[in-house]
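**Q** In our numbering, the protein residues as written are 1221 to 1536. Where is the CB? At the ideal position from N, CA and C, for every residue including glycine.
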Amino acid sequence: MELGLRHLQVVVAVAEAGSISRAAAALRIAQSGLTAQLGRIERELGAPLFVRRPHGVEPTELGTHVLLGARVLIARFDDLIASARTRAHSGGSGAVVRLGGVDSPWISTVAAALRGLLPEHEQVTYVEANSDAVVELVRTARLDLAVITEYPDAPAPRPHRLVVRDLGVEPLLVGLHVDHPEAGRDRLRLAHLAEYDWIAPTDKAGGLRHSLRTACERAGFAPRFRHFGTDHGTAATIVGSGTTVGLFPTSTGPVPGVVFRHLTDEPLWCRTMLAWQLGSPLATIAAELVTSASDERFRARRPVPPFRVVDYRRAM
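1. Have a look at the DSSP bridge pairing and note the partners of Ala1374.
2. Pairs of beta-carbons, one from the segment 1354 to 1366 and one from the segment 1495 to 1503, closer than 8 angstroms: are there three or more?
3. Going by beta carbon distance, what residues of the same chain come within less than 7 angstroms of Val1232, once the five residues before and after it are set aside?
4. Measure the beta-carbon distance from Pro1375 to Val1355 and round it to whole angstroms, keeping in mind my assumption that it falls under 8 angstroms.
5. Return the CA-CA distance between Ser1500 and Gly1473, expressed in angstroms with no decimal places.
6. Check whether the segment 1508 to 1516 and the segment 1436 to 1447 are in contact - that is, three or more C-beta pairs closer than 8 angstroms.
7. Compare the beta carbon distance of Pro1421 and Leu1432 with 8 angstroms and say whether it is the shorter of the two.
8. Which one or two residues does DSSP pair with Cys1490 in a beta bridge?
9. Per DSSP, what kind of secondary structure is Asp1323 in: helix, strand or coil?
10. In or out: Ile1458 buried (at least 16 other Cβ within 10 Å) or exposed?
11. Measure the CB-CB distance between Leu1382 and Gln1343 and report whether it falls below 8 angstroms.
12. Quick check on DSSP: helix, strand or coil for His1452?
13. So what does DSSP say about Met1221, is it helix, strand or coil?
14. Contact criterion: CB-CB distance below 8 angstroms. Does Pro1487 meet it with respect to chain C?
15. By alpha-carbon positions, which one of Ala1353, Ala1439, Pro1274, Leu1223 ends up nearest to Gly1238?
16. Can you give the beta carbon distance from Ala1403 to Val1479, rounded, assuming they're within the 8 angstroms contact cut?
17. Excluding sequence positions up to five away, which residues of its chain have a Cβ less than 7 angstroms from the Cβ of Gln1257?
18. Suppose the cutoff is 7 angstroms on Cβ atoms and the five residues either side in sequence are ignored; what does the same chain contact list for Val1271 look like?
19. Excluding the 5 residues flanking Arg1260 on each side, which residues of the same chain have their C-beta closer than 6 angstroms to its C-beta?
20. Specify, as a first and last residue, the run of the alpha helix (DSSP H) that Leu1432 falls within.
21. With which residues is Asp1417 paired in a DSSP beta bridge?
22. In whole angstroms, what is the alpha-carbon distance linking Gly1466 and Gly1224?
23. Tell me which residue opens and which closes the alpha helix (DSSP H) that Thr1255 is part of.
24. If I follow the unbroken beta strand (DSSP E) through Leu1247, where does it start and stop?
25. So, with DSSP's three-state summary, where would you put Thr1345?
26. Closest to Arg1385 by C-alpha separation, out of Glu1370, Leu1393, Asp1399, Gly1395, would be which residue?
27. Grouping DSSP H, G and I as helix and E and B as strand, with all else coil, what is Arg1318?
28. Round the Cβ separation of Asp1334 and Thr1492 to the nearest angstrom and send it over; I've been treating them as touching at under 8 angstroms.
29. Using the beta-carbon count (16 or more within 10 Å), is Phe1297 buried or exposed?
30. On the DSSP bridge list, what partners appear for Glu1278?
31. Would you kindly work out how many angstroms separate the C-alpha atoms of Arg1263 and Thr1504, rounded to a whole number?
32. By the 10 Å Cβ neighbour count, where 16 or more other Cβ atoms means buried, how is Ser1252 classified, buried or exposed?
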């Protein structure tokens, strides 16, 4: 028998599943057939790749060696297929790239970087209410790429067969009118803002609204949401017209009549990520896009003092 890439994929599948029965289910083949195939691979290599245990299988020393090399070869093969598809995709006229995301300053940055990498492609952008909706569109191939976000108490969904890469983490700032009673403080505690009206983040379930509400409750109060459904630009206008306060990304540009302050006791932050399907024709472009967009965004944003990225789900 001549060993090939599909045999390495079998070995990796068995190792990742931890048992032959689970690997057979994942590969959708009979357990007896997988056992026989693994036996032929081991005979071809000259020694067992796995030790059979009551609870499953564990790689032998030879198995560990083969697995390390197999994963590298499989990844290179996947990259080759993805880059070939990208070249074929970009060679035709009228090709369209579908970018989606949540309301975030990163959308325009990623869109601009994408145009620079694929200037011949038409680009369509969709903005959805929350990361769950965007991820579902990528999972079902209705979007090619997606900008998604997560917050201290609201992790982003990461379904199987999606590749997710960080674009960056930045603290969220409180926006206040320049004459607001709390505007004179360099840094704020959430408790300082308990008696004021808030602009509710746009996501109705989970996401930033959930994280803000949870952080305020830890500070001893429930935020009094009085304005709903506003994007960042409209929210800044509302803040600039009165005593209402809101949360804004660090990269928000200057807004007349508005000052931005860091929080101390509850450092709310936003992690922004780019997601695409495993094996997507745009996979190689996406990896370069992460670097290009991150570099551009962090060159343009205001300096950020050190802050703690606290994940309260793990701290409890």
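**A** On the basis of the coordinates in this document:
1. Tyr1371
2. yes
3. Leu1287, Ala1290, Arg1291, Ile1294
4. Incorrect: roughly 12 angstroms between the Cβ atoms, too far for contact.
5. 34 angstroms
6. no
7. yes
8. Glu1390
9. coil
10. buried
11. no
12. helix
13. coil
14. The chain inventory of the structure shown lacks chain C, comprising one protein chain alone.
15. Pro1274
16. 5 angstroms
17. Val1230
18. Val1277, Glu1278, Thr1280
19. Met1221
20. 1427 to 1438
21. Arg1444
22. 57 angstroms
23. 1251 to 1265
24. Not the beta strand (DSSP E): Leu1247 falls in the alpha helix (DSSP H), residues 1240 to 1247.
25. strand
26. Glu1370
27. strand
28. Going by the sequence as given, residue 1334 is Leu instead of Asp. Wrong, their Cβ atoms sit about 15 angstroms apart, outside the cutoff.
29. exposed
30. Val1271
31. 36 angstroms
32. exposed
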